[in-house]
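So that you can map any letter, position 64 of the sequence shown is 107 in our numbering, and since no number is skipped, the others follow by simple counting.
All C-beta atoms in this analysis are idealised placements derived from N, C-alpha and C, irrespective of residue type, glycine included.
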Amino acid sequence: MGGSLRRHKQAQPKIIKRKHKKGKRTGPKISQLNEVVFEEKIGHKREWDKEKRLVSNYKNLGLVTDANSALERMKRGPAKAKADADEPELREELVFASEEEAEDAEVTDKDLRSAMGLSRLDGPAAPARLTTIQRAAIGKLIAKHGDDLRAMVMDHKLNTMQHSEGVLRKLVASFRYWKPEAPTSFRAPKGRLWNVGQNG
44 MGGSLRRHKQ
54 AQPKIIKRKH
64 KKGKRTGPKI
74 SQLNEVVFEE
84 KIGHKREWDK
94 EKRLVSNYKN
104 LGLVTDANSA
114 LERMKRGPAK
124 AKADADEPEL
134 REELVFASEE
144 EAEDAEVTDK
154 DLRSAMGLSR
164 LDGPAAPARL
174 TTIQRAAIGK
184 LIAKHGDDLR
194 AMVMDHKLNT
204 MQHSEGVLRK
214 LVASFRYWKP
224 EAPTSFRAPK
234 GRLWNVGQNG
């Protein structure tokens, strides 16, 4: 007697990947026309020079490689300028363009200081402001333990969120940086906004 049909179905793989059979190409092969046959059939010599670059060939045919170049939307990148520098007729244009760009370039004091290895004048960003509840909790911890971060970590009554030593270091630095009289970045509205204008 045969086995269970259910077990037989479960044993089969759920996803079956089949390789697609690639059919043979039946179309005729396009033969490469040599230059002589091409000239005889068309009656005109090919103007594309394989020795030159694409930019030069397009220029000889009266075509433009970059449609945006007339609108000056895209500036010449260093890679493009280097590739075009191989062409003798484009070298003079590139020299003039690089001199104009050198005159227009502005070097800021920040860039000079960073290039010389000096510290930047902007400096590090200010620490994040503390909320009112955070300020009260950190104020109590500082009042009791001073600068001892390890004691703050072990104090589970005042350190209710059980912040680690690294987090407490950041919170204490923020507490000392932002004075209590410093203005807050956000103030809650006094009244409920969704009730304004309904009773009237």
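Excluding the 5 residues preceding and the 5 following residue 101 in the sequence, name in chain order all residues of the same chain whose CB lies nearer than 6 Å to its CB. 108
Give the DSSP-derived three-state secondary structure of residue 187 in the structure shown. helix
For residue 103, which residues in the same chain have their Cβ closer than 7 Å to its Cβ, ignoring the five residues on either side in sequence? 90
Just verifying my parser: in three-state terms, what is the DSSP assignment at residue 204? coil
If we count the other Cβ atoms within 10 Å of its Cβ and call it buried at 16 or more, is residue 180 buried or exposed? buried
Using three-state DSSP, classify residue 219 as helix, strand or coil. helix
Identify whether residue 96 lies in helix, strand or coil by the three-state DSSP scheme. coil
Cβ-based burial, residue 211 [other Cβ within 10 Å; buried from 16]: buried
Looking at the secondary structure, which residues open and close the alpha helix (DSSP H) in which residue 197 lies? 192 to 197
According to DSSP, is residue 211 helix, strand or coil? helix
Could you check what DSSP says for residue 59 in three-state terms: helix, strand or coil? coil
Status (buried if at least 16 other CB within 10 Å, exposed otherwise) for residue 195: buried
From residue 52 to residue 62, what distance separates their C-alpha atoms? 22 Å
On a Cα-Cα basis, can you pick out the residue from 46, 200 and 97 that is closest to residue 183? 200
Let me know the secondary structure DSSP gives residue 104 once reduced to three states. helix
From residue 97 to residue 106, what does the alpha carbon distance come to, in whole angstroms? 10 Å
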